[in-house]
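K.L.:
Protein chains in written order, with the working numbering: chain Y, 1 to 534; chain F, 535 to 796.
Virtual Cβ for every residue (Gly too), placed ideally from N, Cα, C.
Put into structure tokens, the structure is as follows:
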């Protein structure tokens, strides 16, 4: 397998994952609105393929290196970061090679899995890691055959992946409870199958129209009026394309819609909150070409933020602050506390390593503290220090309340190291209660949850389900033991009405008279309430 | 007034001088003014601290404050000139108020009476401590020297209940020192703030003259004083109230640890 063939294979992977990522998203085991695994992997793979599209390199090593770099920069979410490590391991294994024998390809698959294992502190079986390893083993076994070919090795890898994916529920309790297979592992299976398809079909395949149709059951990400989004551009290559029909469909998913062209080739431009949905939809009409997705909101906001940072006097300690935050109220709160640059994102929209890197490099300080503020963002954030000349401290804040506590503890006259120690200590003192609605029926942590139920999580762990917000918050505060705490800060999200807010506040005050209650407008989507207890 | 001293000690109402020190140490207090709308009150003369905070809570518009006029100071000095041969007049930090400047101008208009006007560079009870130091001296020269040696060592560590200008309810801990107000830290709960104050105070030892000041938070102030007594067994720790003028700027629930460093 040489450079052009590997490039073709990766484009095949991208195409196949774009078609099937919704299936991956549906495997979300946790009933909370979450950064979707399929979307994260697709965006990561898109970034991996970005530079390759323009490359005519003959050597497989050069293509692999571009994929490794691109995926690292675009890595989103935990699965995306692990995928980037898989590309990295692959690239290392094929270094200096212009083309691969079937045996060398199998070795590269195995090395890719090893690299992924090394990247994770505590590898868990039954995840994408297991799937990568099993794919590598199957590939190695197939490469031992006398008549092994590159397609036969890839086919074996894909089959090994599929078998491993089916076994994941037997390895992980949470998958078993939810009755699903591992999403990240399934994503990897699709990527390998996509590669295989390029060999099975003489030319780039057409998207299967039925598989591409998004199902309404999936969580809808409502785009706020004038909200942030992705500038998404691509061409649709097909026959008898109806521009008006396409425009109508795309308009439902975003704004600034531009659909122009001819029945054989249509150019689409749209600002949307969910680019993958647009792509999936467009895939029904024909083949997607020249796809380009730009995160314009973070770029736009980032400029605003560095401008406001430029207006401030420089900090005596020379340490900058970058935080990952979503929700207009929370953005204002973090700004008010002195954060220099804000990367828009969080639970439902995991920012990429590149997004965070750009923000870190944009602040006028050589030393930067980076606050991911979400468990799903931490791994992508932890890649940033190795990608910049700046000294970056990632404080592993798992929630917005932890992030607020860390920023409050920041002192501009104190050294970076002292600040990091103090910020970590403050973040660790905070208990976080998140209140949202279950997005699916599930069993988790011994709780039976029905779609739509109010659910309460304490420090990312699902603890309570109930009929209304006040009931769930009461239980959660009761479990924490209110005597040990003084202050509850309630960050109100978009989904909470004035009445619900008032009810919750009075319920806390009457049930826990010893607690001070403060209400802030957070503006988060999907989370009616997030509570900080300290 | 047991000493044989022949000079007068004057301060202003922002010293938050305990009432009984006036008579015990013979200290004259000139009131600043607090203005609600078109009503003007002389601090602790026309309005008590408790009454002030009641009005503050009900006020739709924040009150303003003003320094005594040079003429008011001149009247006081003229009266004191009758039975004293000199005066030391110690006032609210000039970086914060025109009071010391008004005292200086007022003093110049009283001929034949020597007034040493001191800019304390600080607020509240450290000024009262400086007055007590002065009152215990035998001559105005000795008093001036003793006070001058301590001015740069006065510290006010203040916890305000809210910080204006941030969305989040933060409790800033501020330090008044070196003619500046510097942030020490910011915390989100009062108990954490209180322990941060004790921690900071511990780093400032050794100190002389310690007080805990409060605006409508007597229980917390007593608790803080008890904590400080554990740090400094045997040390006198005064608990005092923040008056109207300072209270206008701190708001209710402010808590202060004030001291003079050794």
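Cβ of residue 717/F less than 9 Å from any chain Y Cβ?
P.N.:
In the second chain, the residue the question calls residue 717/F occupies position 183. Residue 717/F counts as touching chain Y.
K.L.:
Just tell me which of 139/Y, 365/Y, 417/Y has its CA closest to the CA of residue 102/Y.
P.N.:
Residue numbering aside, residue 102/Y sits at position 102 when the first chain is read from its first letter. Per the Cα distances, 139/Y.
K.L.:
How about residue 588/F: is its C-beta nearer than 9 Å to some C-beta of chain Y?
P.N.:
The count along the second chain starts at 1 and reaches residue 588/F at position 54. For residue 588/F, the answer is no, since every Cβ of chain Y falls outside 9 Å of its Cβ.
K.L.:
By the DSSP assignment, the alpha helix (DSSP H) with residue 546/F in it spans what residues?
P.N.:
Taking the first residue of the second chain as position 1, residue 546/F is located at position 12. Where residue 546/F is concerned, there is no enclosing alpha helix (DSSP H), although the beta strand (DSSP E) it sits in stretches over 541 to 546.
K.L.:
Do you know offhand how far residue 287/Y's Cα is from residue 81/Y's?
P.N.:
Mapped onto the first chain, residue 287/Y falls at position 287. Mapped onto the first chain, residue 81/Y falls at position 81. Taking the straight line joining both Cα atoms gives about 28 Å.
K.L.:
Listing by chain order, which chain F residues have their CB less than 7 Å from the CB of residue 396/Y?
P.N.:
Walking along the first chain from the start, residue 396/Y turns up at place 396. Correct list: empty, because the minimum Cβ distance to chain F is about 20 Å.
K.L.:
Using alpha carbons as the reference points, say which of 570/F, 608/F, 556/F lies closest to residue 778/F.
P.N.:
By 1-based counting over the second chain, the position of residue 778/F is 244. Here the closest residue by C-alpha is 570/F.
K.L.:
Can you tell me which of 20/Y, 2/Y, 37/Y, 5/Y puts its alpha carbon nearest to the alpha carbon of residue 350/Y?
P.N.:
Here residue 350/Y refers to the residue found at position 350 when the first chain is read from its first residue. Among 20/Y, 2/Y, 37/Y, 5/Y, the Cα nearest to that of residue 350/Y is on 37/Y.
K.L.:
Just the chain F side, please: which residues come within less than 9 Å of residue 404/Y by C-beta, in chain order?
P.N.:
Mapped onto the first chain, residue 404/Y falls at position 404. Residues of chain F passing the Cβ test: 702, 722.
K.L.:
Any C-beta of chain Y sitting closer than 9 Å to the C-beta of residue 729/F?
P.N.:
Here residue 729/F corresponds to residue number 195 of the second chain, with the count starting at 1. No, residue 729/F does not count as interfacial toward chain Y.
K.L.:
Determine, for residue 576/F, whether the minimum Cβ-Cβ distance to residues of chain Y falls below 9 Å.
P.N.:
Stepping through the second chain from its first residue, residue 576/F is reached at position 42. Not an interface residue.
K.L.:
Could you name the residues of chain Y that residue 725/F contacts, counting a contact when the two beta carbons are closer than 7 Å?
P.N.:
By 1-based counting over the second chain, the position of residue 725/F is 191. Near residue 725/F (Cβ distances below 7 Å), the residues of chain Y are 486.
K.L.:
Going by other Cβ atoms of all chains shown within 10 Å of its Cβ, with 16 needed for buried, is residue 695/F buried or exposed?
P.N.:
What you label residue 695/F is simply residue 161 of the second chain in a count that begins at 1. Residue 695/F comes out buried.
K.L.:
Say whether chain F places a C-beta atom closer than 9 Å to the C-beta of residue 442/Y.
P.N.:
Translated into the one-based positions of the first chain, residue 442/Y becomes position 442. With 9 Å as the cut-off, residue 442/Y does not count as an interface residue toward chain F.
K.L.:
Give me the Cα-Cα distance between residue 87/Y and residue 70/Y, rounded to the nearest whole angstrom.
P.N.:
Translated into positions along the first chain, residue 87/Y becomes position 87. Translated into positions along the first chain, residue 70/Y becomes position 70. Taking the straight line joining both Cα atoms gives about 9 Å.
K.L.:
Can you check whether the CB of residue 131/Y is closer than 9 Å to the CB of residue 180/Y?
P.N.:
As a working note, residue 180/Y is residue 180 in the first chain. As a working note, residue 131/Y is residue 131 in the first chain. Taking 9 Å as the Cβ cut-off, residue 180/Y and residue 131/Y do not qualify as a contacting pair.
K.L.:
Can you give the Cα-Cα distance for residue 414/Y and residue 376/Y, rounded to whole angstroms?
P.N.:
Mapped onto the first chain, residue 414/Y falls at position 414. Mapped onto the first chain, residue 376/Y falls at position 376. Approximately 30 Å, taken between the alpha carbons.
K.L.:
Output the boundary residues of the alpha helix (DSSP H) element that contains residue 738/F.
P.N.:
The residue you call residue 738/F lines up with position 204 of the second chain. Segment 724 to 738, the alpha helix (DSSP H) holding residue 738/F.
K.L.:
Along chain F, which residues have their Cβ under 9 Å away from the Cβ of residue 411/Y?
P.N.:
On the first chain, position 411 is the one that residue 411/Y refers to. The contacting residues are 717, 718, 719, 720.
K.L.:
Using 9 Å as the threshold, is the C-beta distance between residue 702/F and residue 333/Y below it?
P.N.:
Looking up residue 702/F in the second chain gives position 168. Looking up residue 333/Y in the first chain gives position 333. Going by C-beta atoms, residue 702/F is nearer than 9 Å to residue 333/Y.
K.L.:
Against chain F, does residue 37/Y count as a neighbour if the rule is that its beta carbon must be under 9 Å from one of theirs?
P.N.:
Along the first chain, one-based indexing puts residue 37/Y at 37. It does not; no Cβ of chain F falls within 9 Å.
K.L.:
Which chain F residues sit within Cβ distance under 9 Å of residue 534/Y?
P.N.:
On the first chain, residue 534/Y is found 534 positions in, with the first residue counted as 1. Correct list: 722, 723, 726.
K.L.:
At the level of alpha carbons, what is the spacing between residue 211/Y and residue 289/Y?
P.N.:
Looking up residue 211/Y in the first chain gives position 211. Looking up residue 289/Y in the first chain gives position 289. Because the pLDDT at residue 211/Y is just 30, under 50, the model does not fix this residue reliably, and the point stays unresolved.
K.L.:
With distances taken from CA atoms, which of 408/Y, 196/Y, 118/Y is nearest residue 706/F?
P.N.:
The residue labelled residue 706/F in the question sits at position 172 within the second chain. If we check each option's Cα against that of residue 706/F, 408/Y comes out closest.
K.L.:
Leaving out five residues before and five after residue 383/Y in sequence, what residues of the same chain have Cβ atoms less than 6 Å from its Cβ?
P.N.:
Position 383 of the first chain, counted from the first residue, corresponds to residue 383/Y. Counting only Cβ-Cβ distances below 6 Å, and skipping sequence neighbours, we find 353.
K.L.:
Please work out which residues of its chain come closer than 6 Å, Cβ to Cβ, to residue 431/Y, disregarding the five sequence neighbours upstream and downstream, and give them in chain order.
P.N.:
Position 431 of the first chain, counted from the first residue, corresponds to residue 431/Y. Counting only Cβ-Cβ distances below 6 Å, and skipping sequence neighbours, we find 480, 533.
K.L.:
How should residue 683/F be labelled, buried or exposed, when 16 other C-beta atoms within 10 angstroms of its C-beta is the threshold for buried?
P.N.:
Within the second chain, numbered from 1, the residue matching residue 683/F stands at position 149. So residue 683/F counts as exposed.
K.L.:
Looking at residue 338/Y: is its Cβ nearer than 9 Å to the Cβ of residue 374/Y?
P.N.:
For this step, residue 338/Y is matched to residue 338 along the first chain. For this step, residue 374/Y is matched to residue 374 along the first chain. In this structure, residue 374/Y does not lie closer than 9 Å to residue 338/Y by Cβ.
K.L.:
Would residue 400/Y count as contacting chain F if we go by Cβ distances under 9 Å?
P.N.:
Here residue 400/Y refers to the residue found at position 400 when the first chain is read from its first residue. Residue 400/Y does not count as touching chain F.
K.L.:
Pull the bridge partners of residue 465/Y from the DSSP assignment, please.
P.N.:
By 1-based counting over the first chain, the position of residue 465/Y is 465. 455/Y.
K.L.:
Here's a check: name, in chain order, each residue in its chain whose Cβ is nearer than 8 Å to the Cβ of residue 94/Y, leaving out the five neighbours to either side.
P.N.:
Here residue 94/Y is taken as the residue at index 94 of the first chain, counted from 1. For residue 94/Y, where only same-chain residues beyond five positions count, the Cβ hits under 8 Å are 60, 61, 64, 100, 104, 108.
K.L.:
Which word fits residue 783/F, buried or exposed, when buried means at least 16 other C-beta atoms lie within 10 angstroms of its C-beta?
P.N.:
Working through the second chain from its first residue, we reach residue 783/F at position 249. Counting Cβ neighbours within 10 Å, residue 783/F comes out exposed, since fewer than 16 surround it.
K.L.:
Does residue 21/Y come out as helix, strand or coil in the three-state DSSP assignment?
P.N.:
The residue given as residue 21/Y occupies position 21 in the first chain. In this structure, residue 21/Y counts as helix in the three-state DSSP scheme.
K.L.:
Which same chain residues end up closer than 7 Å to residue 388/Y when comparing Cβ atoms and leaving out the 5 residues on each side of it in sequence?
P.N.:
As a first step, residue 388/Y must be located in the first chain, where it is residue number 388. Result list for residue 388/Y: 357, 360, 361, in chain order.
K.L.:
Can you tell me the Cβ-Cβ gap for residue 154/Y and residue 17/Y, rounded? I've got them flagged as a contact below 8 Å.
P.N.:
By one-based count along the first chain, residue 154/Y stands at place 154. By one-based count along the first chain, residue 17/Y stands at place 17. Actually they are not in contact, since the Cβ atoms of residue 154/Y and residue 17/Y sit about 15 Å apart, beyond 8 Å.
K.L.:
Starting from residue 319/Y, trace the beta strand (DSSP E) both ways and give me its first and last residue.
P.N.:
Locating residue 319/Y in the first chain gives position 319, where the first residue counts as 1. Note, residue 319/Y: beta strand (DSSP E), 319 to 325.
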